[in-house]
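Below is one structure, written out as structure tokens, with a few remarks after it.
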Amino acid sequence: FSGDLTYYTPESTGGIGRCGTYIRDSDYAVAMNPPQYVEDDSQCGSQICITDGTRIVLIITETGTLLDRCAGCGYGSIDVTPPIFTTFAGFGAGRIPISWSF
């Protein structure tokens, strides 16, 4: 899938992700866009591989799983916690074109 990568700080909004898990800003967590988020939460815990064409981040730890839904993200876009985002760019970038897969 292709879309934009943005970041969020889950602790600033209570820290509980859509999957019911507490998410710290320092975790490797991913929030899925609504059109691709399965409402029965069956995707919770899925591992996501994100690439910007030059670097790959394979989220393989339990703190790097799909734990949330990004209400403002369009199809193909995902929101991630700061440790993932800063692998690709500084916070000033705001939005980065990426591709990702399960």
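64 is the number of the first residue of the sequence shown in my numbering; add one for each residue after it. Using N, Cα and C, we set each Cβ at its ideal position, and we do this for glycine too.
Runs of alpha helix (DSSP H) with 4 or more residues, each lying fully within the region 80–161, are found at 145–151, listed in chain order. Among the bridge pairs identified by DSSP, Thr-69 is matched with Asp-142.
Out of Gly-157, Gly-155, Tyr-70 and Pro-160, the CA that lies nearest to the CA of Asp-90 is found in Tyr-70. With a contact defined as Cβ atoms closer than 8 Å, Phe-165 and Ile-111 qualify at about 6 Å. Taking a C-beta distance under 8 Å as the contact criterion, Ser-162 and Asp-67 do not qualify as a contact pair. Counting of Cβ neighbours within 10 angstroms places Asp-104 among the exposed residues, the total staying below 16.
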